[in-house]
Amino acid sequence: MCRGVLNSMKPSQSEKRIRSQWDKKKIYEPDIAKAKRPFYNLMMFPYPSAEGLHIGGVRTFTGIDMYGRFKRMQGYDVFEPIGLDGFGIHSENYAMKIKAHPMRLAGKTEKRFYEQLAVIGNGFAWNERLETYDPDYYKWTQWIFIQLYKNGLAYRKKALVNWCPSCLTVLSDEQVVSGECERCGTAVVKKDLEQWFFRITKYAERMLRNLDTIDWSENIKMAQRNWIGKSDGAEIDFKILGAKERIRVFTTRPDTLFGATYMVLAPEHPLVSALEEKIENRAEVSRYVRDAKKKSEMERTREEKEKTGVLLRGVKALNPANGEGIPVFIADYVLAGYGTGAIMAVPAHDKRDFQFANQFKLPIRMVVCPHYPEKTCPVLDTAYEGQGHLVDSGKFNGMKSEDAKKEITGFVGGTLKTTYRLRDWLISRQRYWGPPIPMIHCERCGIVPVPEKDLPVKLPFIKDFQPKGKGESPLASLKSFYQVKCPQCKGKARRETDVSDTFLDSAWYFFRYLDIKNKKNIFDATRVKKWLPVDMYIGGAEHSVLHLLYTRFITMVLKDIGLISFEEPFKKFRAHGLITKDGAKMSKSKGNVVSPDAYFSKYGADVMRMYLAFLAPLSEGGDFRDAGISGITRFLLRVRKLFKTFDKNKKSSPNLQKVVHRSIKKVTEDLESLRYNTAISQLMIFLSEMEKSEEVAKDNIIIFLKLLAPFAPFAAEELWQKLNGKKIVPSIHTSEWPTYDPRYLEDSTYVLVIQVNGKIRDQVDVPMVISQKDVEALVETREKIKPWIFGKKIKKIIFVPKKLINIVV
RNA sequence: GCCGAGGUGGCGAAAUUGGCAGACGCACUGGCUUCAGGUGCCAGCGAUCGCAAGAUCAUAGGAGUUCGAGUCUCCUCCUCGGCACCA
1136 MCRGVLNSMK PSQSEKRIRS QWDKKKIYEP DIAKAKRPFY NLMMFPYPSA
1186 EGLHIGGVRT FTGIDMYGRF KRMQGYDVFE PIGLDGFGIH SENYAMKIKA
1236 HPMRLAGKTE KRFYEQLAVI GNGFAWNERL ETYDPDYYKW TQWIFIQLYK
1286 NGLAYRKKAL VNWCPSCLTV LSDEQVVSGE CERCGTAVVK KDLEQWFFRI
1336 TKYAERMLRN LDTIDWSENI KMAQRNWIGK SDGAEIDFKI LGAKERIRVF
1386 TTRPDTLFGA TYMVLAPEHP LVSALEEKIE NRAEVSRYVR DAKKKSEMER
1436 TREEKEKTGV LLRGVKALNP ANGEGIPVFI ADYVLAGYGT GAIMAVPAHD
1486 KRDFQFANQF KLPIRMVVCP HYPEKTCPVL DTAYEGQGHL VDSGKFNGMK
1536 SEDAKKEITG FVGGTLKTTY RLRDWLISRQ RYWGPPIPMI HCERCGIVPV
1586 PEKDLPVKLP FIKDFQPKGK GESPLASLKS FYQVKCPQCK GKARRETDVS
1636 DTFLDSAWYF FRYLDIKNKK NIFDATRVKK WLPVDMYIGG AEHSVLHLLY
1686 TRFITMVLKD IGLISFEEPF KKFRAHGLIT KDGAKMSKSK GNVVSPDAYF
1736 SKYGADVMRM YLAFLAPLSE GGDFRDAGIS GITRFLLRVR KLFKTFDKNK
1786 KSSPNLQKVV HRSIKKVTED LESLRYNTAI SQLMIFLSEM EKSEEVAKDN
1836 IIIFLKLLAP FAPFAAEELW QKLNGKKIVP SIHTSEWPTY DPRYLEDSTY
1886 VLVIQVNGKI RDQVDVPMVI SQKDVEALVE TREKIKPWIF GKKIKKIIFV
1936 PKKLINIVV
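The first sequence begins at 1136 in this note's numbering and counts up by one.
Encoded structure:
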């Protein structure tokens, strides 16, 4: 019989029929302008680069859809839009790989993705979909770029930047993962180039501070804190003997200044050339500088490696604390991009300086002692980086190191200073497939933004779109594109030919969904106010310091320029776990990528949704195994079987009330906290109880189907319709979510556990309300307990009502 | 090295405030049923000892607090993720 049910109709067919009913009724299209109880339910939109949707992506999408369906049934106007992040280097690289043109490929991947996304059973608001490569979309990406420029937050600067030799473009710091290109894994090299930057560093403190106010997964907040990397310290100037220049250093330990026995400049430090005349070993120094430039980030930062460096002969600095002349080195363990690019080296209290000092036989002077006031400090075999009292520090001797920070900084005329590890967002890319940066370089007027009325600057079709690697975008070879007149002086000018980073496209897309038809103003105040910030956002932890960082920055900027009234885009964000296959991360190179297509057509969306949800909590990830799917298949077959056999004329059954109300409570709570696995467990228990019962009534089935609806939207809808007769009924997904009555949750009796010395020896049914005295009397009569307490003195009795009694002898 | 999350049966995992460890599912075993071939039903299923009743042990390892610890404290080990020569 059950076999018959399955064979009668392929799951995909009946699901398709139900989908078209949903489309007709438009139950997933809230009225954006007029919604009464708006709820913005969002998932990170996919980039259609690879061979289609990934099973992990499907788990995320269906996962948040369960939440959206739950909220919709609770009476919210749920808005769950979908779009494609199709612009950018990832899509372009994929196009190159399969030897296609990204502009032509976009249409194909778009179609394929939307087809795949249609079958997973999500309540998407299809009418609002967007693609970042649509000129109507990137017009606004460009517009935002111009606003940043007008507000001094976009600028051009020559700097040492990350260059991917394989993608042939510069990258932001966030796109370099342990020295490798985030996209292709190639080791990144440093190049000195003039590029466009966004002044994200101006927002470092605010982004850090706000983390305490938003409800986000803790691991993401931690990653952002690490990335922003705040450290409090001081800037102190060191004079150079016989020169007017000074060496400014940043240090978090100004208290150790008396222990600074040498200084180090980064090889790229401007003083290296400024002091050239004084440097006696010029040849050696410039050789070191040249070599340092050639090294990749990876080589430079390998931990085990010996430190290298060159003494600047003829240069002596003065320690401002004690007037001592100290040598100055250049070494690549000091980074040009952090602090001031120069350090005072205190080998006794910094392990890197300690290592360097030992290699170069430099004095190590201890100035912070952990054993104060003992006169003798231990001979160090490693740097002491902790706190203590100052020694060998002139008038500061005996002072607590923590207090000495401020004192010594003041003593030498330094300033307390906070530094951040975060660096400005390098936004330009020497690639084709992105929004052209809307700027014009005029010989007379300098940089002039494209007038807003001329937006979008359309990306022209170029047959040869491949990156050339000459530090220019392929657009630089198209004269009709770059040759323009200056909007200000009408003189000869050249259009910027770089495109912007794909992460700018995705930094603001949640605004666009709200006003997809509007071409005049994407920040319509009433809509923005009604729907934003996003109520619930779900996505991958890999975007901790990419998308999730940039989008916070852009939102803050939009607030500061008066377009919106909030500064955090997502009230609540939850990171989902990673789906593995046989314990390994899925990747094309391993050949273990699970494509959802075959599974969805074989088992149907309901089974796949529930299987992926049942694996583990959404935040956890899990291993994809075919074997586990059968449990869910069986469950849904049992649901259908029960549905056929229950007595439709019976209205209600008192004996099932307990499991009904428990299930409502459990499923409601678990949906709210995204613990779908235990919600589904409860549905299984609910079903088993009904199967065992002789008197399943219509009311029980109604509640069961409603609780099932977020997880298996098709089966729930189909059975709901059958339950309500043949005529058209409102969808179960817009029906009211059930509430539980606490009266049904408790029994009149419970099983009391009887322990002796903390070990369970017996159990007994007792009334819900029973006095300790009565329990004690009862326990004494229990045959199983007698031998354990016979002839022993009872020392103590612990009675926990509704739980247990423990007799200590 | 620093920061974060973890470590529970053969497997995925459950376990409000400390109170019956292993819910639910997979796999497995035995039985029933069906036309024998991926999907029905019933039962069993942490380990050890035992015919059984039951006992003992068991939540990475060790110590501690407690009548009682997967849960709290301290130490050690391991896994995953982030940062990493950041001064």
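Idealized CB from N, CA, C, for every residue including glycine.
Let me check understanding here. Comparing Cα to Cα, which of the options lies closest to residue i?
i: THR1625; options: PHE1600, LYS1614, LEU1649, GLY1581; result: The residue asked about is misnamed: residue 1625 is Lys in this sequence, not Thr. For the residues PHE1600, LYS1614, LEU1649, GLY1581, the minimum Cα distance to LYS1625 belongs to GLY1581.
i: THR1391; options: SER1301, SER1528, TYR1473; result: SER1528
i: THR1544; options: PRO1389, CYS1621, ILE1696; result: PRO1389
i: HIS1404; options: GLY1472, VAL1943, PRO1505, PRO1455; result: GLY1472
i: THR1304; options: MET1574, PRO1622, VAL1312, LYS1325; result: LYS1325
i: TYR1811; options: PHE1749, ASP1834, LYS1723; result: PHE1749
i: GLU1250; options: LEU1753, ALA1850, PHE1735, PHE1934; result: PHE1735
i: CYS1299; options: TYR1290, VAL1311, LEU1288, ALA1289; result: VAL1311
i: LYS1894; options: VAL1910, GLY1860, LEU1939, PHE1770; result: LEU1939
i: TRP1560; options: ARG1687, ALA1740, ALA1427; result: ARG1687
i: LEU1306; options: GLY1368, ARG1566, PRO1845; result: ARG1566
i: GLU1578; options: ALA1628, ASP1909, ARG1318; result: ALA1628
i: THR1348; options: LYS1707, GLU1631, VAL1692, VAL1742; result: LYS1707
i: GLN1522; options: PHE1531, ASP1516, LYS1535, LEU1515; result: LYS1535
i: TRP1872; options: TYR1879, PHE1205, LYS1159, LEU1188; result: PHE1205
One question on the structure: do residue i and residue j come within less than 8 Å of each other, judged by their Cβ atoms?
i: GLU1755; j: GLY1549; result: no
i: ILE1799; j: ILE1836; result: no
i: LEU1681; j: PHE1638; result: yes
i: HIS1484; j: TYR1519; result: yes
i: LEU1267; j: SER1641; result: Residue identity check: residue 1267 is Thr in the sequence provided, not Leu. Contact flag set, yes.
i: VAL1424; j: VAL1407; result: yes
i: PHE1332; j: ILE1689; result: no
i: LYS1285; j: PRO1584; result: yes
i: VAL1891; j: ILE1932; result: no
i: ILE1363; j: LEU1649; result: no
i: PRO1183; j: SER1226; result: yes
i: VAL1592; j: THR1475; result: no
i: LEU1854; j: LEU1840; result: yes
i: TRP1261; j: ILE1657; result: no
i: ALA1751; j: GLY1712; result: yes
i: ARG1564; j: VAL1634; result: yes
i: GLY1258; j: HIS1868; result: yes
i: ASP1741; j: LEU1771; result: yes
i: ALA1456; j: PHE1393; result: yes
i: ASN1354; j: ALA1710; result: yes
i: MET1671; j: ASN1297; result: no
i: PRO1570; j: TYR1273; result: yes
i: PHE1849; j: GLY1203; result: no
i: GLY1444; j: ILE1461; result: no
From the DSSP output, read off the bridge partner residues of residue i.
i: GLN1898; result: VAL1888
i: GLU1587; result: Answer is none; GLU1587 lacks a bridge partner.
i: PRO1462; result: LYS1451
i: ARG1629; result: HIS1576, GLN1618
i: PRO1571; result: VAL1634
i: ARG1291; result: TRP1331
i: PRO1270; result: PRO1270 pairs with nothing; no bridge assigned.
i: GLY1675; result: HIS1711
i: LEU1563; result: Checking the displayed sequence, the identity of residue 1563 turns out to be Ser instead of Leu. Paired residue(s): SER1635.
Assuming residue i and residue j form a contact by the criterion Cβ under 8 Å, report the distance between their Cβ atoms to the nearest whole angstrom.
i: LEU1447; j: LEU1470; result: Rounded, the Cβ-Cβ distance is 18 Å, inconsistent with contact.
i: GLU1315; j: THR1321; result: 6 Å
i: ILE1815; j: GLY1198; result: Not really, about 12 Å apart at Cβ, beyond 8 Å.
i: VAL1502; j: VAL1526; result: 6 Å
i: PHE1180; j: ILE1224; result: Not a contact, Cβ separation roughly 16 Å.
i: VAL1729; j: ILE1190; result: 4 Å
i: LYS1930; j: VAL1910; result: No, LYS1930 and VAL1910 are not in contact; Cβ-Cβ is about 17 Å, not under 8 Å.
i: GLN1898; j: LEU1913; result: Actually they do not touch by this definition, with Cβ atoms about 12 Å apart.
i: GLY1757; j: ILE1714; result: 6 Å
### Query
How about the segment 1369-1386 and the segment 1452-1472: do they share at least three Cβ pairs that are nearer than 8 Å?
Segment contact: the segment 1369-1386 against the segment 1452-1472, three or more CB-CB distances shorter than 8 Å; contact assigned.
### Task
Would you be able to state if there are at least three C-beta pairs under 8 Å between the segment 1278-1292 and the segment 1592-1608?
Segment contact: the segment 1592-1608 against the segment 1278-1292, fewer than three CB-CB distances shorter than 8 Å; contact not assigned.
### Query
At a cut of 8 Å, does the segment 1730-1744 reach the segment 1692-1701 through at least three beta carbon pairs?
They do not touch, by the three-pair rule.
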